[in-house]
Structures are given as structure tokens and as C-alpha cells.
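What follows is a set of notes on a single structure, which appears directly below.
2 protein chains.
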Amino acid sequence: MAMWIWYFGDYELYHHLKLHMRRDEYDYKFPPFWRLDDCHHNVVFHRAFSLDKPGSIQVWARGTGMLEVDGKRYPFDGREIALSAGEHRIEAKLMSMELPSLFVTGAVESDPTWDVCAYDGKWVKADGDWWRQKPEDDPCVFRFQYRRLHPVSMEALEGGWLYDYGEETFAEVCIGNWDEMPADEKVDAPVHLRFGESRAEALSDEAILQVQLNRGDPALISARAFRYVWVSTDMPLTAREEFLPLRPRGSFRCSDERINRIWDVSLRTFHLCSREFFLDGIKRDRWVWSGDAYQSYLINRYCFGDEAIVRRTILALRGKDPVGSHINTILDYSFYWIMSLEDYHMTTGNDDFIRRVWPRAVTLMDYCLQRRDGHGFAANEGNGWIFIDWAEMDKEYAVCAEQMLLLRALEAMQHLAEIVGEDGSGYAALFAELRARVDEFFWDERQGAYIDSFASGRGHVTRHANIFALLFGYAGEKRDRILQNVLLNDAVTDIRTPYFKFYELDALCQAGRQQEVMQRMLDYWGTMIDQGATSVWEEYSPDEPMEAQYGMYGDQFGKSLCHAWGASPIYLLGRWFIGVTPTSPGYATFDVRPEPCGLDWFEGNVPIGKWHGEVHVRVQDGVCTACATVDGGTLYWKGKSVQLERKVVVQLA
Amino acid sequence: MAMWIWYFGDYELYHHLKLHMRRDEYDYKFPPFWRLDDCHHNVVFHRAFSLDKPGSIQVWARGTGMLEVDGKRYPFDGREIALSAGEHRIEAKLMSMELPSLFVTGAVESDPTWDVCAYDGKWVKADGDWWRQKPEDDPCVFRFQYRRLHPVSMEALEGGWLYDYGEETFAEVCIGNWDEMPADEKVDAPVHLRFGESRAEALSDEAILQVQLNRGDPALISARAFRYVWVSTDMPLTAREEFLPLRPRGSFRCSDERINRIWDVSLRTFHLCSREFFLDGIKRDRWVWSGDAYQSYLINRYCFGDEAIVRRTILALRGKDPVGSHINTILDYSFYWIMSLEDYHMTTGNDDFIRRVWPRAVTLMDYCLQRRDGHGFAANEGNGWIFIDWAEMDKEYAVCAEQMLLLRALEAMQHLAEIVGEDGSGYAALFAELRARVDEFFWDERQGAYIDSFASGRGHVTRHANIFALLFGYAGEKRDRILQNVLLNDAVTDIRTPYFKFYELDALCQAGRQQEVMQRMLDYWGTMIDQGATSVWEEYSPDEPMEAQYGMYGDQFGKSLCHAWGASPIYLLGRWFIGVTPTSPGYATFDVRPEPCGLDWFEGNVPIGKWHGEVHVRVQDGVCTACATVDGGTLYWKGKSVQLERKVVVQLA
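Each protein sequence line maps, in turn, to chains A and B. Take 1 as the starting number for the first sequence in the numbering used here and just add one per residue. Take 654 as the starting number for the second sequence in the numbering used here and just add one per residue.
See below:
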């Protein structure tokens, strides 16, 4: 099937660059503070092929250049080019200040089997988009879908109107009636708009997203995050939601309506943040962060199961060689990027993508390894940022949580090397060495916990490194002590971001504490939703008064009220309550271990593997019913287990 | 003085990329076959400064982003921003899919003292353009000037009209009367145009530049190379020459009108090829080649003396790190690039530019050195192209001429290291070692010449390596034997390209053979012009019939009839007849050694140094008159010498 093709990874770099030009704050744009790479602008595509019988092709391109078919030159104008039976060779030399891309249809068709080169002496396989199969498609325009929104209320206020769209959205807004207007309409009088994720924000001059239109400005305002809009004019407002058409393949319903609501709000949040790539949040930062994305990959497993957005995000985040800094400038975020490849492979079983990305994993890991200190620890060498979490932590010199991530990334590299048939023994050796050294330097026998930093002598304990030790299986026989001394110890400072709560709750579930996790979800997400949240917030403190909730980074309304990392209940419910997880790449085999956890009943679907695989699970009255659309599953229930065969309903009591 | 500024070197990369999208051949564009780098798209500018008294600034940008003045945010809209007396700090975060650039005017102004960073942990000084001092200037548009052209004849032919503009030009063409038309006019009927550097080309369906306009196509055709245009319509044609406003500071006039004509045609040729950067030719390739550019730098010394175009070309050619291939994929062209820095410094004395470019010289030289063979010779390691010249040459394994260039480049590196205060002794050691080895492997005592290749055992001698040995001063006491056995030996194959003729004639002049060079100029350039050339051709064989002259690369009109490398008479006449050459950087001292060479009289100007320096020389009746607008010169005439003082006329008889 013919599709638009481009240099592998360049579509992602191009749209990643464009995306990062769009964050609005007050009257200005807010570019990210890290290196952003652009696509290649001068490339050549190549394909040699053989025809059994005469045929013809038509060729189009985005960009300018020259098509050579069997050495004869043609323009890229879609003219019919006749080909005899026998051997042929196509070369398409293309330049563009945007994304050079090619579309060939007919006797041979453009697809990712074509070769492409950016004149660096290396030919790679092209990449393409199955959803771009027409000459008139433009790979330089990312394709969203749109739907008309209608406000649930309008209120005359402060000499204008406050529109409430009922829930968080990401939408274009137009002054006037969209359906009756030409696309390039201008306003004929000044208009002031304030967008609010909260009502208070839309009514405040401190609203992060504000637009002042002057006479003659376009009447259409590009898509942005809001639930409320206050507008200074009586002219009607039209809003069109802009979204990526993702179908939820995963679902969850249970006897507790608050839990159902948590799932729904999490899904809404996650869908809004799933666009060209996985975003952190839609008002702010509207950027692509590797740590946030890593969680999104895991959440995606249990709802959309969309492989394409994961690949796009992985490629966009990585950028081009040579590596000049950590991903997003954050040390931990480089490790997450490497870990994400292993997760991607486990989810999809797609060896081909891993083979294509492998060289970029090697150079990134090289970059990380070269920056270790004399002990072999990943330390901050001045140019990076030790993030881990927004938490008080002793970040003096080498930080334990970073070593845990480095260990995990080394394991991932070893595993990825196997997949691509390379020698990963070097990574294995480094792993073994570092693992021993981490225990030697960071384990505090007296406290029965990993400390943040050994250099400071403070022996400070936070949850983060200890959570990782549990999650990654590095705790060994220290497991129970860590659980008691840290995770279940109220004296150790709480995790306050949904970001790290993800890992904490994951670790608790892994330790069989689903009941506790269910309660924590109700306390945190449940309370947030009870207070009116229609999407999950970047951060939330149930004990703070409402008027203090919206601030962040010194801005009164700085907090993002729609943040992907808050959608972890999708992951937690799918992974630990429905209990589905792959046990070999691409869900060739998978476990289903439902955990009713005191609910009267629950049922859910989890996407399985690449295409339309799904497993359905229902638990009620001590009976578990399961059915998968693919082979390979094993259902575990009350000490029994049974193989799931394709489309066969199984019931265990 | 306020000017538009950008990341150092990025203006050049951006316009270099755009330029290489414009080569037309028949119905398509012809992109170059090497890597083209783009500018950074996400940068931050920074300036800390102190004000004695209150003031204000206005800030504009190309791109999108955020301005922070003392931590307070502003848009880039030129609003007046008041500043108190005291310390201030400006940070401008800018993104653009084109060239991010900044303009600040008022109490502090944007100029190359500002710092800029592309988020790679390295701050560099910005670069700017003294000719862009207004907010409305757009650094993304290269500024040319235009002048209306009028045909010298119009002839009704083949159902259309043949316009002859009298000489080679580079011009926009418009169907209709430009002066009466809106800029976006469309044609209302199909029009066919054929452009010709020769009359034959414009009348042939094989013309390289042809345009088929259909109803509704723009009536304006972008600038291109031609002297003749054939057009299928009776509508009038308007042509506007597009050119870089360069003032010739050098001149030459003598008693031989053919020599004067050679100078004029060379200057016309060179001016047409001097645009954003030094081009090889204006019809073809319309690309920037390092070998061609190196000669242009030398020619520029004796006519325009324009420093800016040299800097632009050097930066554009070099591209970004890491080096992925030789410049233009050609081994020799990497060496010329390094050599050009030394020439640039000698011409201008501009240490600052050398300091800025030095890191890029080091990484390019590293790339070259890493690719040497076991003998330490620069050899073709598969991914590069040994060019040297379009000549039969034994290119088996390591080629002697390449080693000569590597030697010269090593000397240049050593010298550049001194300028920037780095240790160049490594380069000096490599030079000494390689020089001995070249003699050992390539010098053929029996033939009294350097051979092309030692590996093949053929012992083939061409002029190229021997010319370099003379020119670069590596011949030592072999000097006269090389001259006799090679340069003056008709049995050794002639140089046929004006490209390598440049070096051959330079070497002959250096050996005091001006008389011979004068004759060769008359035979080659003189004959070409006698045959009607209004610009110097890419290649010329006086003995071939006219109808065979226009072909190249298998195209009947493939040859470029306006090629910069043919403008060497400007260099030769200035360097070896007027006899001016710098003897210390920036012409702080310079020699004037006129060589009348049998002419009744000649006079000329040569630009001296950066600004408006000039030396004027006249020779007649055995008397030499000279005057310079700057100090530092020494006039040598008939065994006598005298210091030239600023604006003092000196006469020696």
C-alpha cells in the first residue's frame, strides 16, 4: 500500500520542533530550554525492484528536487511514468526547508522498505505513515480531528460572557459563528479573551492563556487548554475540540462509582495529553518530557494500546546524534528513554523498531556512561539536572535514585542487545559491578533503607530510591524491611506529585497491597474529582484550601489542571486489578491475575498486542470470567490457573 | 549601532540551505549530493549591562518566544521598555522554523558582543549584519539589488521572439511590462521560455533552463543565468538583474585592449558568481564548492576586497559538527577550507573571526587526520572523492597532490594555532614527518618530478602535484628541474580547466615567467573572448569547433558559460603584474613589485586591508608611480625599493 515516506525519525523531529513553538503564556510563547533537533533537509530515496509485466508509476513529493527512474529524469508532478517488465531503479533527490517526503503509487509503491540517505554515507530504511495514502496528504501538517463543542452554560459577567464547556478540553475558538464564516475571517472590533482551566482563572487577569484581539486580527484562535472562556464581546463564540482520534481499547467498570469516575477522568486527561506525542499537560508545559512520557507508555498499554504514538514520542525525544545533553537536560530522563525501549518491545514485540533505534540507544548510553564518576556512579557533572521528583531530597553528589535508574537502563540495554543480536555482555558486567556498589554506598543497615546520598553524611531517607529498589527487583531480602521502614512509614515524607505516586502505588501493588492502593486512589483522585476536577491535576494537596490550589511556579494559575502523569489509575487498575501483564514480547504470552480487592464486582478490557487483541475480565461473587481474542494468556484465580484460548470464555470460581 | 543578530554561523547555514534548493535543470530542481546543515531553531540570547542613566529599549525578533528583561517578561513587539540606571540583564528565548534572530535598539543595542546559546551548554558570541539596522529588515531574506535590463536586440524567430541582452546576466524575467504590473500578476495564456547563455542554447529544445508557464502561473520567473531568452509570446518581456552590490576596489588598465577586455570579462564573471556566497557558476552548478571558493577568495583580494562574502562562504561550507564527510564530499576541498582560513587572516588580519572558527578547523582537521593510511597519507577511504582536477591522473591509492594539500593545510593549522594562542606543535611535527615521506614515496629522481601515485607502479607524471610543490615552496632545490621537466614540458598533458590553470599560471609567475603567463592568458582567455564570450567559461578548448563547445556532462548545453574559476586573470594581474601582496596580516605591511612585461603602460588599483585601503600603481616608459591610502607598503622597482607612506606619491625610474 502506497504511503508518504520520509527519513526514519525525521517526521517526529519536524513535528516535535513545531509543537515546541506553541506553548502560550500571557502574551508570549515559551520555548523549552533544551536543544531541539530538526529533520534533514536534503535526502535521497532509493528503490530497486523488478516487474513481471509492464506497469506505470506516479510520483509526488513535498519539497523540491529530481526524480530519476532508470537514470531518466522527471519532475515530481504525478505524471504517469511507464515501466517495462524487468529490473528498475528509482532515485528521488529531495530538498525542503520543511520535511522532505515522497509518495509513489502504481507498479511500485512508497513504503518503509525504501532506502533513504541524508548524504552521510549511511543508508537507512525510510519511515512512513499508513494513514497518509493520498497524494494530497501533507506530512508537514499533523492530522487531528475536530468536533464542535457546545457550552453547558453562559453567564453574563464583567461586561462580557463566561462560557463553561462542562469539562476540560483542548479546542480552537472562533469569534463569531464558525459554520457561517470563511476560514480567514477577521474581527472588526477589539476582543479580549481569558481562558481558564478553572472558573477562577477565566475570571482573573492572571489567567495564563489570554488573548487580546485587535481590529483586523484573525477571528480564529489556535487550539488551547480550557474549560471556561470569558470573552469581552457579545458576539457568539464557537469552539472546536482538536484531538487525536484514539479509540480506547481498554476499559474498567466496577461497583464503586467513585472508582469508575476516577477511570473516566483519567482517560479524559490522558486522551487530551495524547497528541503528536505524549505531552505532560495541555496548558502547561505543552512539552514532551521523557519522564512523563515513560509513564504515558505504561498508561497507554491499558487504554489506547496505540503503538504509533509511543514510537513517535520515543523518536522525538531522542533527537539526533551526537548526544549533546541528557534528554530534556535531565539525567533520569535519559535512563527512562532507554528503559522505554524495553517496555515498548515487551508491549509490541516489534523487533524491527528496536533494530532501527538501537544505534541511538547505544550513543545515549555511551553519553551516560562517559559521565560517571570514579565510583562508577551517575553523578551531576554540571550540565545536567537531577530531577527524580519535586521533593525534598538530599541531592548532594551522586543520588541513589539515579543509580537505580542507571541499573535498570543497563539491564534494558543488555536485553535490547539480545533482541538486535549484539553483544550486551559489557552492559551486564557494568550492571553487576554497579549493583554491588550501590548496596555498599547507599544501603543504610541501621535505618534499613537506601539513603539519598552518601557524600553528604546526612543519611537522609526518601521514598524514591527505595520505591525503585522494590519495583526493579533490586531489594532482594531487604524487600520487607524497605516496605515497612519506608513505604508504609508515615515518618518518611509523603510523595505529593501524582508523578512519583505512580511508582509508589505500583510498588505497593507489586507487594500485594492493592487494598491500600485502592484507598489511596480514592483519597487522592477521588477527593480531587469530588472537588470538581474534570481532569487530573499536575499536583494536588487535599488539605489545602481551594483558593491556593491553582498556583504553581509563582503564577497564581500556574498549575496545570490536566496532566498526563495523573492518569496512572488507568495503569494501576489494568495492571494490578484487572491484573493483565505481558510475560513475553508482544503479549505472545500474558498473565491475567484479577484482584477484586473488596469490590462487589468489576469488569474490564485490556488491549493485547499490536492489532485488535483484547482480553476481557469480569469478577463477581467470587467468580472470575475471562476471554481473550488471542491465544497466549494464563488466568490465575484463587490459586488455580488456566490457559486462555482464543475467543474461548473461561470461568473460575 | 543596533543590528539584527543570530547564532554565530547560522545565517550562513540557513541561506546556504535555501540557495541549494534553487538550481534548475529542465523541469526540475537539482539538489546537491552532500549533507547540508540547517541553523539552530531554538536559541537564547543574553546580555548583561549597566546604564549610567535611565533609558529605554525596543526589541523585535524573527521567530516566536519570550523576552525577559531583569526577570520580567515581554513580547517581541517593539514596545518601549523603560530601564532605570544601574545593572540590567536581558534574556531572549527564541524559536523559529527559519532563522531565529533578534533586534534590540535603544539604551543597549544588539550586536556581535551579545552571547547566544543553542542549549548545548556552550555560549558563543552572536553574529550580525551591519547592513541590517532596521526592525523591518528580515534576516531570512537575503538582500540583493536589482536593475532593469534592456535587450540590445529582439528578433522574430520560430513563432516567438529572441531577446539578446548583450552579455551574460543573472536576472528575473517577467511576462509583461514590469513597471505597470502588480507583483503577483499571472499569465493568461500558456508561454514557453528558453533561456540561453549562448544563442544556440536559447533556440534549442535542449536548453538547460526552460520554463513552461500555463494559464494562471505567476508571470514572474525567479532570477537565473542567461544572455538570450526565446519566448513564445508577443507579450513584452521585462528583465531585472539581481546582484550583490559590490564595488570593485581593484582595477587594471594597460596598453593592450585584449588584456583590458580579459580583465573586464573576468570581473563581470566574478561579480555574477558572487552572491550569498561564492558560487562556481550561475547556470550550473549554482552551488558552493570549497575548491572553487578558495580561488574566489584569492580573486576577491584583487577586485572587491569584500571581507563579508569570504566569511559567509567559509561558514556556509563548513557546516556543523560533527564532521560527517569531507567538504562537498571531496578530500581536497577539506584541505582548501583549512587553507582558506590562513588566507583570510593574511588578507584581513581579523583574529576574532579566526578565534571563532578555530574549533571547527580543529574538528575538520581531526576528521582528515583520522582517515590517513598507515604511511600517514591522506587516501580515499571509500566515502570521499579525490578530485584535484578534471584530468587524466593516476588516482590509485594515495595521490601525491592530496599530500601536498594536506601538508599545506597542516602548515595553515600551525599558523592558525599561533593566532588563537593554542599549541600547534602537533601539526608542525606531522608536517615534518609527512613532508619527508612524500619525497620518499612520490619523488621520482629519474623523471625529475613528483609522480601521481606510488602504489600503481606506473610512475605517471601530471602537472598538478608538481605545481603545488612549486607554489607551496616544497620543491626546494628541485625547483628548476620541476619547472623544466613538467611545467614547461609539452610532453606532459596540458591543464585544460581554468580551475587548475589558476595554480599553473600562479606557479609560473612565482618562477618569474610573467611574460609566458601573459601570452597564455591571451591565447586562452583572449581567444575565448574573441569568439564572443562575455563571461569566462567553465572549460574551453581553443582548438574545438564552436558547435562542440557548449556541451558537458552529456548535455548539449551542459557547460557553464559563466564560471568563477575562470576569473583568475584578476588575481594574476593584481598579484604578479601590479605585483601587490600582503607580507603581514591585514596588509599591515605589503609589497608592490610591478612587472610591466612588455606592455607600453599599465595602471591599476589593488584593495589593501579591510576598509577603504587602496594602492595605485602606474608603469610607463620605465617609470613606476605608486601611491597608497595606507602606510606599510614597500615599492620594488628595477632593483630599488622605497617605503610607501600614506597618500604620498612615489616615483621610481
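We put the CB at the ideal spot given by N, CA and C, even for glycine.
*Distance, Cα to Cα, T1180(B) vs M1171(B)?*
What you label residue 1180(B) is simply residue 527 of the second sequence in a count that begins at 1. What you label residue 1171(B) is simply residue 518 of the second sequence in a count that begins at 1. Approximately 13 Å between the Cα atoms of the pair.
_Between L229(A) and Y163(A), how many whole angstroms is the CB-CB distance? I'm expecting something under 8 Å._
On the first sequence, position 229 is the one that residue 229(A) refers to. On the first sequence, position 163 is the one that residue 163(A) refers to. A small correction: the amino acid at residue 229(A) is Val; Leu does not occupy that position in the sequence shown. Right, the Cβ-Cβ distance comes to about 5 Å (below 8 Å), so this counts as a contact.
*Determine the closest residue to A92(A) out of H46(A), G106(A) and Q133(A), with distance taken between C-alpha atoms.*
The residue labelled residue 92(A) in the question sits at position 92 within the first sequence. It is H46(A) whose Cα lies nearest to the Cα of A92(A).
*Check whether the Cβ of N1033(B) lies closer than 8 Å to any Cβ atom in chain A.*
Mapped onto the second sequence, residue 1033(B) falls at position 380. Taking Cβ atoms only, chain A never reaches closer than 8 Å to N1033(B), which makes this a no.
*asked:* Using 8 Å as the threshold, is the C-beta distance between V1283(B) and A1306(B) below it?
replied: Translated into the one-based positions of the second sequence, residue 1283(B) becomes position 630. Translated into the one-based positions of the second sequence, residue 1306(B) becomes position 653. Contact flag unset, no.
*Any chance you could list the beta strand (DSSP E) runs of at least 3 consecutive residues sitting entirely within the region 177-243 of chain A, in chain order?*
Entirely contained in the region 177-243 of chain A, the beta strand (DSSP E) runs reaching 3 residues are, in chain order, 191-196, 209-213, 220-231 and 237-243.
_Ignoring anything shorter than 3 residues, give me the beta strand (DSSP E) runs that lie fully in the region 683-765 of chain B, in order along the chain._
For secondary structure counted as the beta strand (DSSP E) over 3 or more consecutive residues, the region 683-765 of chain B holds these complete runs in sequence order: 695-704, 708-715, 717-722, 725-727, 734-736, 739-748 and 754-759.
*Less than 8 Å separating the beta-carbons of E929(B) and Y799(B)?*
Residue numbering aside, residue 929(B) sits at position 276 when the second sequence is read from its first letter. Residue numbering aside, residue 799(B) sits at position 146 when the second sequence is read from its first letter. No; because the gap between Cβ atoms is not below 8 Å, this pair is not in contact.
*Short Cβ contact (8 Å threshold) for L244(A) with S274(A)*: The residue given as residue 244(A) occupies position 244 in the first sequence. The residue given as residue 274(A) occupies position 274 in the first sequence. Closer than 8 Å, so yes.
*CB contact flag (G718(B), M748(B), <8 Å)*: Start at 1 with the first residue of the second sequence, and residue 718(B) comes out as number 65. Start at 1 with the first residue of the second sequence, and residue 748(B) comes out as number 95. One thing to note: G718(B) has its Cβ within 8 Å of the Cβ of M748(B).
*Who are the near neighbours of M1174(B) in its chain, counting only those whose CB is closer than 8 Å to its CB and skipping five residues on each side?*
Here residue 1174(B) corresponds to residue number 521 of the second sequence, with the count starting at 1. The residues are I912, I915, L1158, P1222 and L1225.
*If we count the other Cβ atoms within 10 Å of its Cβ and call it buried at 16 or more, is V941(B) buried or exposed?*
Here residue 941(B) corresponds to residue number 288 of the second sequence, with the count starting at 1. Buried: at least 16 other Cβ atoms inside 10 Å.
*Just grab the DSSP bridge partners of K640(A) for me.*
By one-based count along the first sequence, residue 640(A) stands at place 640. Paired residue(s): W637(A).
*If you check the beta carbons only, do R62(A) and C117(A) fall under 8 Å apart?*
Against the first sequence, residue 62(A) aligns to sequence position 62. Against the first sequence, residue 117(A) aligns to sequence position 117. Not in contact: R62(A) and C117(A) (Cβ atoms no closer than 8 Å).
*Write down the C-beta distance between D1047(B) and T1150(B) rounded to the nearest angstrom, noting that I regard them as a contact closer than 8 Å.*
For the purposes of this step, residue 1047(B) is taken as residue 394 along the second sequence, with counting starting at 1. For the purposes of this step, residue 1150(B) is taken as residue 497 along the second sequence, with counting starting at 1. Taking C-beta atoms under 8 Å as the contact rule, D1047(B) and T1150(B) fail to qualify, at a distance of about 18 Å.
*asked:* Looking at the secondary structure, which residues open and close the beta strand (DSSP E) in which T1234(B) lies?
replied: Here residue 1234(B) is taken as the residue at index 581 of the second sequence, counted from 1. T1234(B) -> beta strand (DSSP E) spans V1233 to P1235.
*Within 10 angstroms of its Cβ, does M365(A) collect 16 or more other Cβ (buried), or is it exposed?*
Start at 1 with the first residue of the first sequence, and residue 365(A) comes out as number 365. So M365(A) ends up on the buried side.
*For P804(B), return the contacting residues in chain A, with the cut-off set at a CB-CB distance below 9 Å.*
In the second sequence, the residue the question calls residue 804(B) occupies position 151. Residues of chain A passing the Cβ test: none, with the nearest at roughly 30 Å.
*Got a sec: which bits of the region 760-782 of chain B sit with their beta carbon under 7 Å from any beta carbon on chain A, in order along the chain?*
The region 760-782 of chain B vs chain A, Cβ under 7 Å: A771, Y772, D773 and G774.
*Identify whether V1302(B) lies in helix, strand or coil by the three-state DSSP scheme.*
Locating residue 1302(B) in the second sequence gives position 649, where the first residue counts as 1. Coil.
*Counting along the chain, where does the alpha helix (DSSP H) carrying H464(A) start and finish?*
Residue mapping note: residue 464(A) aligns to position 464 of the first sequence, counting from 1. Per DSSP, the continuous alpha helix (DSSP H) segment holding H464(A) begins and ends at R463 to L471.
_Interface flag, M21(A) vs chain B, CB-CB below 8 Å_ = Along the first sequence, read from residue 1 onward, the residue named residue 21(A) stands at position 21. The beta-carbon of M21(A) is placed less than 8 Å from the nearest beta-carbon of chain B.
*Quick one: does K973(B) have its CB under 8 Å from some CB of chain A?*
Taking the second sequence and counting its residues from 1, the one referred to as residue 973(B) is at position 320. It does not; no Cβ of chain A falls within 8 Å.
*For chain B, find out if any of its Cβ atoms is closer than 8 Å to the Cβ of G159(A); answer yes or no.*
Looking up residue 159(A) in the first sequence gives position 159. By this cut-off, G159(A) is not an interface position.
_R215(A) and A189(A) closer than 8 Å at C-beta_ = Position 215 of the first sequence, counted from the first residue, corresponds to residue 215(A). Position 189 of the first sequence, counted from the first residue, corresponds to residue 189(A). Cβ distance < 8 Å, so R215(A) and A189(A) count as in contact.
*Minimum C-alpha distance to P32(A) - residue among K682(B), K1154(B), V697(B) and V1114(B)*: As a working mapping, residue 32(A) is identified with position 32 in the first sequence. With respect to the C-alpha of P32(A), the residue from K682(B), K1154(B), V697(B) and V1114(B) having the closest C-alpha is V697(B).
*So which of Y681(B), E751(B), E854(B) and A1279(B) has the shortest CA-CA distance to D791(B)?*
Numbered from 1 along the second sequence, position 138 holds the residue referred to as residue 791(B). Comparing C-alpha distances from D791(B) to each of Y681(B), E751(B), E854(B) and A1279(B) shows the shortest one belongs to E751(B).
*What residues in its chain sit with their C-beta under 8 Å from that of G1204(B), if we drop five residues either side in the sequence?*
For the purposes of this step, residue 1204(B) is taken as the residue at position 551 of the second sequence. Here the set comprises F1210, G1211 and K1212.
_Euclidean distance between Cα positions of P100(A) and F76(A)_ = As a first step, residue 100(A) is located in the first sequence; it is residue number 100 there, counting from the start. As a first step, residue 76(A) is located in the first sequence; it is residue number 76 there, counting from the start. The straight-line gap from Cα to Cα measures roughly 12 Å.
*Start and end of the beta strand (DSSP E) containing S251(A)?*
Locating residue 251(A) in the first sequence gives position 251, counting from the first residue. Going by DSSP, S251(A) is part of the beta strand (DSSP E) stretching over S251 to C254.
*Beta-carbon separation (whole angstroms), I1261(B) vs F1243(B), contact threshold 8 Å*: One-based indexing of the second sequence puts residue 1261(B) at position 608. One-based indexing of the second sequence puts residue 1243(B) at position 590. Sure, about 6 Å apart at Cβ, within 8 Å.
*For A156(A), write down the residues that DSSP places opposite it in a beta bridge.*
Taking the first residue of the first sequence as 1, we reach residue 156(A) at position 156. Listed as beta-bridge partners of A156(A) by DSSP are W161(A).
*asked:* Quick check: what's the CA-CA separation for I861(B) versus G724(B)?
replied: The residue you call residue 861(B) lines up with position 208 of the second sequence. The residue you call residue 724(B) lines up with position 71 of the second sequence. Each residue's alpha carbon lies about 57 Å from the other.
*Closer than 9 Å by beta-carbon distance: list the chain B residues that pair up with S101(A), in chain order.*
By one-based count along the first sequence, residue 101(A) stands at place 101. For S101(A), there are no neighbours in chain B by C-beta distance under 9 Å, as the nearest C-beta there is about 14 Å away.
*Specify, as a first and last residue, the run of the alpha helix (DSSP H) that C1215(B) falls within.*
The sequence position of residue 1215(B) within the second sequence is 562, counting from 1. Note, C1215(B): premise wrong, no alpha helix (DSSP H); not H, not E.
*Using a Cβ-Cβ cut-off of 8 Å, state whether D1143(B) counts as contacting chain A.*
Stepping through the second sequence from its first residue, residue 1143(B) is reached at position 490. Chain A, which has no Cβ nearer than 8 Å to the Cβ of D1143(B), makes this no.
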